[in-house]
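Below is one structure; the comments refer to it alone.
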Amino acid sequence: MAKTLTQEFTKGLWAEIPPFRLVLGLCPTLAITNTVENAFGMGIAVTFVLTFSNIMISALRKIIPPKVRIVAFIVFIATFVCVVELVMQAYTYSLFMKLGIYIPLIVVNCIPMGRAEAFASRFGVVRSMLDGLGLGIGYTLALSTLATFREIIATGSITLYEKPIAILGASFEPFKFLVEAPGAFICLGLMLGIMNILGKK
Amino acid sequence: MFSDLAVLMFSCVLINNILLIQYLGNCPFLGTSKKMETATGMAMAVVFVLVLAGIITWLVEWYVLVPYDLKYLRTIAFILVIAALVQFVEMFLKKSIPGLYTGLGIYLPLITTNCAVLGVCLININENYDFFKMVVSSFAYPVGFGLALVLFAGVRERILLARTPRPFQDTAIGLVTAGMLSLAFFAFKGWV
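As you go down the protein sequences, you meet chains A and B in turn.
Just so you know, we're using my numbering here: the first sequence kicks off at 7 and counts up by one.
Just so you know, we're using my numbering here: the second sequence kicks off at 1015 and counts up by one.
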């Protein structure tokens, strides 16, 4: 194995950071990055699902028959998504309402599925866990960065725990375009371009 | 009644376009829109599967999950229904309608992980649609998906000929273009 365990973890933070390097999981990236709070919550939810589904799948990788593996992966992922859904409903109800339909849709987010197929079904438990954790945290960072740009430019402030924190001052004219759908696409497109300019390293 | 359904149809196709306004199904959107041929294939496959999936998941919700108080299993139940349905449709088409199978074949497995399919099924439940409204929305949403996909594929074929700056090639410029297209659809807001 060429990569050390640390590299397995850190690759998710820059070299393979999900929505930018691996163009996966775009739907939530576009939909819930309108505020930083939503983006961060979504990132944590995905990290949880990804880490645990990776652990489960890699632990059972020798038992799952290859022919039905896709369905088996979906069942594992769906189970953890259910857990997240119920936990969020119980403890962070306002966030749960804001994210709405996008929480159950983590099931069909390509990231957990893609990692299960490409990584967890081949490597050991520890490695898979680190891979899941790294990519999940990378995804959270990416979502939060994108959301920070969008929220600051769209409203001139950042709202955390329902308290707006002004950043650009009162004279700033909010540029509402960026929280709406077209702004999401264009902002993500520009971000991808910028990441390409920054290079792979 | 009829005018209600017409309004719903209109709003699902244009105003709440699943792809450009609700942001669902973006992975296949960028993946299959490079050529017009693959775009139409994908669009047709999604319409076909989603009408079936919408009806079946609606029945599962109201006749299985609600009576037995199993609503918390909705996500698992729906995704399993969709996965099984896609597999079944694939086998059925292969045996009985080979012509359609060769047209849709390679796009069918991709549909299981298309979030537009699960998304519309969940929207049908969350909005408390009755049977007719559910059928209309399960048909109209994928039509909107197909419309956006085909329009976008047409634009994208042209972009291939243009000289894009290197860092923006492929996906990045695709997303910016999608943003412009989304802006066009955005103009429908407020019609109904």
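Every residue, glycine too, gets a C-beta built ideally from N, C-alpha and C.
Assuming residue i is part of the beta strand (DSSP E), what are its boundary residues?
i, result
"Ile164(A)", "163–166"
Compute the distance between the beta-carbons of residue i and residue j, then report whether it is under 7 angstroms.
i, j, result
"Phe48(A)", "Ile63(A)", "In the sequence under discussion, the amino acid at residue 48(A) is Met, which differs from the Phe named in the question. No, the pair does not count as a contact, with Cβ atoms beyond the cut-off."
"Gly1160(B)", "Ala1020(B)", "no"
"Cys88(A)", "Ile1090(B)", "yes"
"Ile109(A)", "Glu123(A)", "no"
"Leu1064(B)", "Ser1152(B)", "yes"
"Leu1132(B)", "Val55(A)", "no"
"Pro24(A)", "Ile117(A)", "yes"
"Val42(A)", "Ala153(A)", "yes"
"Arg1170(B)", "Ser1047(B)", "yes"
"Ala148(A)", "Phe26(A)", "yes"
"Leu1099(B)", "Phe191(A)", "no"
"Gly1158(B)", "Asn1031(B)", "yes"
"Ser134(A)", "Asn60(A)", "yes"
"Leu1066(B)", "Lys1147(B)", "no"
"Leu1122(B)", "Leu1114(B)", "no"
"Cys1026(B)", "Ala1154(B)", "yes"
"Val1134(B)", "Ala1053(B)", "no"
"Phe240(A)", "Gly142(A)", "Limits of chain A in this structure are 7 at one end and 207 at the other, which puts residue 240(A) out of reach."
"Gly144(A)", "Gly18(A)", "yes"
"Thr53(A)", "Thr146(A)", "yes"
"Leu1124(B)", "Pro1042(B)", "yes"
"Val1074(B)", "Val1095(B)", "yes"
"Lys104(A)", "Asn44(A)", "yes"
"Ala211(A)", "Val131(A)", "No information on residue 211(A) is available, as it lies outside the stretch 7 to 207 that chain A covers here."
"Phe1202(B)", "Ile1029(B)", "yes"
"Val29(A)", "Thr1185(B)", "yes"
"Asp137(A)", "Phe155(A)", "no"
"Ala1097(B)", "Thr1127(B)", "no"
"Ala150(A)", "Phe46(A)", "Note that residue 150(A) is Ser in the sequence shown, not Ala. In this structure, Phe46(A) lies closer than 7 angstroms to Ser150(A) by Cβ."
"Trp1072(B)", "Asn1138(B)", "yes"
"Cys1129(B)", "Leu111(A)", "yes"
"Ala84(A)", "Ile1093(B)", "yes"
Bridge partners for residue i per DSSP, in chain order?
i, result
"Ala172(A)", "Ser163(A)"
Residue range of the alpha helix (DSSP H) that residue i falls in?
i, result
"Lys1085(B)", "Careful: Lys1085(B) lies outside any alpha helix (DSSP H) and carries neither H nor E."
"Tyr1037(B)", "Neither: Tyr1037(B) is in no alpha helix (DSSP H) and is coded neither H nor E."
"Asn60(A)", "42–65"
"Pro72(A)", "Pro72(A) -> no alpha helix (DSSP H), and no H or E assigned at all."
"Phe1062(B)", "1050–1074"
"Arg204(A)", "Residue identity check: residue 204(A) is Leu in the sequence provided, not Arg. Element bounds for Leu204(A): 187–204."
"Asp1018(B)", "1016–1024"
"Leu32(A)", "32–37"
"Phe15(A)", "11–16"
Within 6 angstroms: the Cβ of residue i and any heavy atom of the ligand SAH?
i, result
"Val1065(B)", "As presented, the structure is devoid of all ligands, the ligand SAH included, so that no description of it is given."
Problem - alpha helix (DSSP H) segments (min. 4 residues) lying fully within the segment 1148–1204 of chain B - result: You should have 1185–1200.
Handout entry: Secondary structure, alpha helix (DSSP H): runs of 4+ residues fully inside the segment 102–166 of chain A
Key = For the segment 102–166 of chain A, whole alpha helix (DSSP H) runs of length 4 or above, ordered along the chain, are 116–121, 131–161.
Practice task
For the segment 1034–1045 of chain B and the segment 183–199 of chain A, state whether three or more C-beta atom pairs, one from each stretch, are separated by less than 8 angstroms.
Solution key: They touch, by the three-pair rule.
Handout entry: Uninterrupted alpha helix (DSSP H) stretches inside the segment 1109–1136 of chain B (no shorter than 4 residues)
Key = Within the segment 1109–1136 of chain B, the complete alpha helix (DSSP H) runs of at least 4 residues are 1112–1118, 1122–1125.
Problem - Cβ pair count under 8 angstroms reaching 3, the segment 70–83 of chain A against the segment 1078–1089 of chain B - result: Cβ pair count under 8 angstroms is below three, so no.
Exercise for the section: For the segment 1180–1187 of chain B and the segment 195–206 of chain A, state whether three or more C-beta atom pairs, one from each stretch, are separated by less than 8 angstroms. Expected result: Judged by Cβ distances under 8 angstroms, the segment 1180–1187 of chain B makes contact with the segment 195–206 of chain A, as three or more pairs qualify.
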